[in-house]
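The sequence shown runs 46 to 205 under the working numbering.
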Amino acid sequence: MASATGGKEGEEVGNIFKLSETTVLKIQKGDITLWFLNGSSDAILYIEQLDQNSLKHAIKSQNEPDVRCPTGEARITPGFKLPASHVIHTVGPIYDSHKDPKASLTSAYKNCLSVAKENNIEYIAFTAISCGVYGYPFEEAATIAISTVKNFADGIKELH
């Protein structure tokens, strides 16, 4: 993994990593709703706070009443008033109560990338799925996230 800014193999330069000839990973900290991703078909993952009414309606229209997105799967809705054309929703595992949290977290990232590719999305931002109230340790979750996007990001230009 070479730095996208010309560094040596595996070297971090400004938290930007070149995963392949066509894919860049940018590690960022902050409010995901304020980020601007270059590209006409951007997607922001797992946002629940902005434009909730439109998003809730779109989610309900994709699923049967009272059916939730199962752990590790992903769904896409329009972005409505968000600064992204789409939102990809996923459910990560609850760390202490899931029988195989690593496999489920890997599936969540992998399925989000698959949905993005199916919808020709080339720029995508992830939050730390399952961290926080779901109790996934940040370092372990980061290792899984980076490993998964490194292995399944072909066709995506930029990941955050």
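For glycine and all other residues, C-beta sits at the position ideal for the given N, C-alpha and C.
Let's test the definition: count the other Cβ atoms within 10 Å of the Cβ of S41 and tell me whether it reaches 16, buried, or not, exposed. A query on residue 41 cannot be resolved here, the shown segment of the chain reaching from 46 to 205 and no further.
Do T67 and K162 come within 8 Å of each other at the CB atom, strictly closer than that value? Result no, Cβ atoms of K162 and T67 do not sit closer than 8 Å.
Roughly how many angstroms separate the alpha carbons of C114 and E167, rounded to a whole number? Here the C-alpha atom of C114 lies approximately 23 Å from the C-alpha atom of E167.
Could you tell me the alpha carbon to alpha carbon distance between P123 and V136, rounded to whole angstroms? Cα-Cα distance, rounded: 18 Å.
If you check the beta carbons only, do F197 and L158 fall under 8 Å apart? In contact: F197 and L158 (Cβ atoms closer than 8 Å).
What would DSSP say about P138, mapped onto helix, strand or coil? The answer is coil: DSSP assigns P138 none of H, G, I, E or B.
Take H143 and list the residues in its own chain whose beta-carbon comes closer than 8 Å to its own, dropping the five residues that flank it on each side. Shown here for H143: same chain residues with a beta carbon closer than 8 Å to its own, the five before and five after excluded, namely T116 and S149 in chain order.
Quick one: grab the DSSP three-state call for A129. The three-state secondary structure of A129, taken from DSSP, is coil.
Pick from G200, S65 and I189: whose alpha carbon is nearest that of D145? Comparing Cα-Cα distances from D145 to each of G200, S65 and I189, the minimum goes to I189.
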